[in-house]
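Report on the structure given below.
Chains as they are written, first to last, in our numbering: chain A, 4 to 605; chain B, 4 to 605.
Shown next as structure tokens:
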């Protein structure tokens, strides 16, 4: 019998449960060379004076300041050189009246001397040194303990160790430092349909995504991810693996398999063998989230949809890990942004809205909705974080200020493109900090119009673009791609086509308005369908065709619609410059008027 | 004979040399679980359709949409349940007219069906399911290849792998990904006076700082630091170690020992056994920087002063490493900021000015100078980066916009304090993201007045504070510390004292205006001096005394001067709240009026 979550816990309650379940902090000593990024669990007080002796700050001569009182370029004072002190050695010389000793940077000041004159202000010969400047006592001397005195605090507990703190710890002689141990977090893979990357997929099987993305999120939060072998939906097998995980780790995570249906064994294992603390959160997505314990070890069951799993991890679990390892406060991992365009959010329940980020021309952060629960893994790399939307909110308006909870490693790309996408663009985008939303020409224009995209690659005419309500943008001549048929485009054939709004679809519709078609999400999908015999033929770009039997039909233009407000972004400029200089070939060519403005809406 | 650097290279020329010397990129395949933070060397195109089959997005029933046309709550349609499809299995059922099959989220859509109704919109019994809604064809179905089609680009070369990209790579079945290999960078320790942390210091010796801070900086830039055993200033020994480093690594770094004096063996090894490309840069500090090659392996010799070593690393070397590992562009590691107060910079040579960062009350970044070449290791943790100052600039004005090149791991602290520092404050600062400049009361007031500090801990009276020109600040009652004498404070004794401007120094000066004194950098330094017999006695706080023989003299106040503009910073608020609630004891007590405003300058 399927259970329903009749009593959903509030997000606030779930957050409290998560906080209570957070693993204990452990302390470990790590060698200084491994301390980077770790957080000090105890303060470090210096056991020694740093430096441990009065130290020269210059290469020069140690002397008595009173001996060279009044010396200058015109009236140098000569002193007898009575010895030499090198760095690292105890001085075997004493400096008396009218005397000086050669001294190296870092060497101890010999007895009797109280200042150091830099070698550049002297000349020497015949056992004497002529000093052409006067000095105050203590000049160019660093006194013992003046950097850090013995017993003084060098580093406070809670400090995150970077190159600088590591340097200071070395200075006080710390061979190791006490830091919070990395929490061991088990990531248990569930679901009969999951196959590890590298394995072969049978029908109905997919690759396991969440184990890898969640493990990476654990590591990013400062934990140590321990990945457990894939288990199917067998109760006893699952219990074995989860018991082992609970024994070896301080927190156990799973993803998917948490609804209350009879096949969801993770849920049953926790309910029957462990302690089920909370099941069901008033949050969409995230409703089936489970909090509990197995053999005293905290457990969180994340939803199965990849972007939901990372969002719920970010919302509840990453702080559990960060608290245990002394990591950063949550506010450091959020950013405020303005919403690019009106977005309906279906009120009634608290929602997690995955969003992407982009910088406008003034460097301000703009955000936009990227996924509405499709479960697509491609949404993962389009989302930089999420916005939490209250149940009373039915839509977000353009210009609304929101706080974006960031996924680890997320930041606005230097270029956000939309529209067509083909091999020419693939080449241009390599090595660039860019995100490109492949949506076809019409949706590309809309994303630019809505303040999301910097640039759109479009096969549309200026009139078609204008009809979509574009303003404050210009259309720049881009490139041309050769299209043609693959398969058997005979009379009565069934044609595979990409969705409406794609350049090649428009071309096809005008060439064969009455043909029977089957729609695919992309041109590549249509080409694949020809190859496996699902359809008879398709109109595709030459480099999409990839196989023999491409029958060229002509060229279609792909031009760049550029938002006026984003034209001066460095990512936009370098993209357009490179586009003008790209080599054609492989089914692409650059027209003579590449880079020229075709139309200007201002 | 000492050589001088008569022909200094410009910073621009040095940067070009560094770019030419950058190690080659290498590519390696790494398992997906180790890919986080790495940069893709080649694009990843999907070898498979994702998903590989038409997939249900819901738990529910697979059916033909046309069969339930017009169904709703009042007029449900009943269908015969002919089977069940679980996730991960190939369907063994066909859905015909008037039929439905139970289907799980992620399971393949059985033949004949074209949509999925969620279980929540149905009721079932007697082998039938009543459907209370109508559906469009394809509803709740994700078609094969609609996430990513076979051959489609999943990830572009140059992408930095985070949790999300790792998830997408898993989805297309990538067991490993091609990334740029971490460049192996040798860090060679030089200098007879250096002892590894953990070792015992003889006179004239200090702990080796740069090996550790530079190794951490290498790792932060994405390289793999290989630390070579300490070598003294022996030519043959140095040559052996550097040859080994050049053989094993792709870049060799040293710090210190790069001036042209006869003892600087690193310089001689490169000049005599390798290729000296550039020696001496028109930069202060950083003048003795060396670029060259040994046995074909690039070499850079960094200055010995710890903050200079990290600055020159940041200026020239980190980009060499980042270029090799595909790391971020330099602009990502800089921030713009306004200068807090006028700072003289001694024009005439291009300068590196180490600076700290702080956020003002509006979240804007403010910067200030922290070190003027003292060589103090404590400056390391006070500097967040540096500002490059042109030779023609003699001073930076308050409000000047500058670009700060950030050290790895640096960000503005949540609280920047200045002034007194003692055990009470040490306790308060633990676990806090704070920086505290121990400078004494007078300098603390000045730092706050100059727009640097958020809060100053001061033992000064309102009148003394006002005399320093304070505005827009309030003085809040803090705590009291018990002070007393250690040692033998007899008639004619020599007293150790901290510098002027410290609370305990003022107290001492008013108690014993005519006593003979010797000045130390801190109260702790003065206490240590008593212990080792350098002075006879000192007036110190009870917890500084640490030993027997503390003779209490009374209490001195430490109050908090708070800048009006910074009062609402969360770091300031939580600090002041915690200060009011701290327990006294151990030589400290809270007065009855703790937290009250004593004086208000607005």
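Glycine included, each C-beta is placed from N, C-alpha and C at the ideal position. These numbers come from a predicted model, not from an experiment.
Rounded to whole angstroms, residue 321 of chain A and residue 303 of chain A show a C-alpha spacing of 11 Å. Secondary structure at residue 353 of chain A: strand, using DSSP grouped into helix, strand and coil. Under the DSSP definition of a beta bridge, residue 106 of chain A partners with A:63 and A:88.
Setting aside the 5 residues that flank it on each side, residue 114 of chain B is surrounded in the same chain by 97, each with a C-beta closer than 6 Å to its C-beta; the list follows chain order. Rounded to the nearest angstrom, the gap between the Cα atoms of residue 68 of chain B and residue 120 of chain B is 9 Å. Close to residue 531 of chain A, with beta-carbon spacing below 8 Å, are these residues of chain B in chain order: 52, 148, 152, 153 and 154.
For residue 163 of chain A, DSSP records a beta bridge to A:42.
Cβ contact annotation for residue 452 of chain B (same chain, cutoff 7 Å, sequence separation greater than five): 471, 472 and 473, in chain order. Legend: CB atoms of the region 427-459 of chain A lying less than 7 Å from CB atoms of chain B belong to residues 429, 432, 433, 434 and 435. With contact defined as three or more Cβ pairs closer than 8 Å, the region 310-327 of chain A and the region 9-29 of chain A are in contact. A check of alpha carbon separations from residue 130 of chain B across B:239, B:64, B:48 and B:158 identifies B:64 as the nearest. Shown here for residue 250 of chain A: not one same chain residue has a beta carbon closer than 6 Å to its own, the five before and five after excluded.
Within the region 209-226 of chain A, the residues whose Cβ lies closer than 8 Å to any Cβ of chain B are, in chain order, 209, 210, 211, 212, 213, 214, 215, 216, 217, 218, 219, 220, 222 and 223. Listed by position along chain B, the residues whose Cβ is nearer than 8 Å to that of residue 111 of chain A are 206 and 207.
Residue environment for residue 335 of chain B: exposed (fewer than 16 other C-beta atoms within 10 angstroms of its C-beta).
In terms of Cα proximity to residue 484 of chain B, the closest of B:166, B:547 and B:159 is B:547. Cβ neighbours of residue 480 of chain B within its own chain (closer than 7 Å, five residues either side excluded): 562, 594, 596, 597, 598, 599 and 601.
Counting C-beta pairs closer than 8 Å gives fewer than three between the region 287-299 of chain A and the region 211-223 of chain A, which falls short of the contact rule. Secondary structure at residue 140 of chain A: coil, using DSSP grouped into helix, strand and coil. The region 221-297 of chain A contains, as complete alpha helix (DSSP H) runs of 4+ residues, the segments 238-251 and 268-276 (chain order).
Excluding its 5 nearest sequence neighbours in each direction, residue 354 of chain A has C-beta neighbours in its own chain below 6 Å: 287, 348 and 392, listed in chain order. 9 Å or more divides the Cβ of residue 188 of chain A from the Cβ of residue 214 of chain A. Within chain A, not a single residue places a beta-carbon under 7 Å from that of residue 61 of chain B; the smallest gap is close to 10 Å. Among the residues of chain B, those whose CB is under 7 Å from the CB of residue 383 of chain A are 167, 170 and 171, following chain order.
Between residue 377 of chain B and residue 145 of chain A, the C-beta gap is smaller than 9 Å, which places the two residues in contact. Nearest neighbour of residue 487 of chain A by Cα position, chosen from A:549, A:519, A:518 and A:455, turns out to be A:549. Runs of beta strand (DSSP E) with 3 or more residues, each lying fully within the region 430-477 of chain A, are found at 437-441 and 458-461, listed in chain order. Looking at the DSSP output, residue 544 of chain A sits in a beta bridge with A:486. Taking the Cβ atoms as the reference, residue 175 of chain B lies roughly 11 Å from residue 152 of chain B, outside the contact range of under 8 Å.
Beta-carbon to beta-carbon, residue 281 of chain A and residue 530 of chain A are separated by about 48 Å, too far to satisfy the 8 Å threshold. For residue 390 of chain B, the secondary structure class from DSSP, reduced to helix, strand or coil, is strand. The region 454-473 of chain B makes contact with the region 418-438 of chain B: 3 or more CB pairs, one atom from each, lie closer than 8 Å. The beta carbon of residue 356 of chain A sits closer than 7 Å to those of 348, 372, 389, 390 and 392, all from its chain and outside the five residues before and after it, given in chain order. The beta carbons of residue 360 of chain A and residue 177 of chain A sit no closer together than 9 Å. For residue 107 of chain B, the closest of B:59, B:441, B:71 and B:311 by C-alpha to C-alpha distance is B:59. If you keep only unbroken alpha helix (DSSP H) runs of at least 4 residues inside the region 8-37 of chain B, you get 14-24.
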